[in-house]
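One structure below.
Numbering (our numbering), first residue to last: 14 to 257.
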């Protein structure tokens, strides 16, 4: 952990303010996921009905916790490929086995759940990146900046992306476990609307305005995935077909 945090802060100056917080945070979330997996394992061994529920929660949190940390690890060249992929890919396989074999879900629902999970992860990543840029554009931190204007768009979009991520996380777990799928649909729609309203302006600002010249921005991935997922949630026909 020390090597990755040190390498990331050295490789990307802007990350020096937030990497010491977010990288350990994801490590803690990963440890929490491991404890939930142990609980699920006890349930499966004892053939408890609640084991599947705990297993779904565990695999979703594990996939969430083991994806983003690979990005700073590879960006800083501290570890290529990212070591967390050793956790992510096996759990991705476990996800499909769990929901399709144990949960008896159809393939289309398993894949849609994965798409919801990607929206969950990508919007949280956008929130992290917005926090990074906001922190480095505050006049209290950057002596070259004398107003809050450069940080304002990140101030507005960071919490919106984080809330959208949480809503998508609820929808990801709920689509498999909740009895009332309409409440899951509401959470998914709210997440999609928030992600789209914050994500696209943030991405366009990053791509076309901030740098002065057009350039690709990773900010675009979150709202694009959210838009695609939102279309399926918005359409009653598609939603019922997935959950039918």
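Even for Gly, the Cβ is constructed at its ideal location relative to N, Cα and C.
- In this structure, the beta-carbon distance from residue 244 to residue 213 does not fall below 9 angstroms.
- Of the residues 38, 72, 34, 209, the one whose Cα lies closest to the Cα of residue 51 is 72.
- The Cβ atoms of residue 189 and residue 126 sit closer than 9 angstroms to each other.
- Nearest neighbour of residue 108 by Cα position, chosen from 77, 82, 247, turns out to be 77.
- With a minimum length of 4 residues, the unbroken runs of alpha helix (DSSP H) contained wholly in the stretch 74-142 fall at 83-88, 98-110.
- DSSP places residue 213 inside the alpha helix (DSSP H), whose first and last residues are 194-217.
- Of the residues assessed, residue 146 falls on the buried side of the cut-off, its CB having 16 or more other CB atoms within 10 angstroms.
- Taking the C-beta atoms as reference points, residue 139 is found no nearer than 9 angstroms to residue 181.
- Taking C-beta atoms under 8 angstroms as the contact rule, residue 31 and residue 141 qualify, at a distance of about 7 angstroms.
- Following the DSSP letters along the chain, one finds residue 42 inside the alpha helix (DSSP H) bounded by residues 32-58.
- Looking from the CA of residue 183, the closest CA among 44, 132, 97, 217 belongs to 132.
- Separation of residue 37 and residue 250 (C-alpha to C-alpha, rounded to the nearest whole angstrom) is 42 angstroms.
- Note on geometry: alpha-carbon atoms of residue 246 and residue 252 lie some 5 angstroms from one another.
- The residues 79, 82, 83, in chain order, have a CB closer than 6 angstroms to that of residue 97 in the same chain once the five nearest residues on each side in sequence are set aside.
- Residues 76, 79, 80 of the same chain have their beta carbon placed closer than 7 angstroms to that of residue 101, with the five preceding and five following residues left out of the count.
- When the beta-carbon positions are compared, residue 242 and residue 205 come within less than 9 angstroms of each other.
- One Cα belongs to residue 64, the other to residue 110, and the distance between them is close to 14 angstroms.
- Counted as a single uninterrupted DSSP element, the stretch harbouring residue 220 is not any alpha helix (DSSP H), since DSSP gives it neither H nor E.
- Just so you know, the alpha carbons of residue 149 and residue 56 end up roughly 46 angstroms apart.
- Per DSSP, residue 246 is one residue of the alpha helix (DSSP H) stretching across 234-247.
- In this structure residue 118 is buried. Its beta-carbon is surrounded by 16 or more other beta-carbon atoms within 10 angstroms.
- Excluding residues up to 5 positions away in sequence, 255 lie with their Cβ nearer than 6 angstroms to the Cβ of residue 122 in the same chain.
- Considering only 53, 195, 45, 239, the residue with the shortest C-alpha distance to residue 115 is 53.
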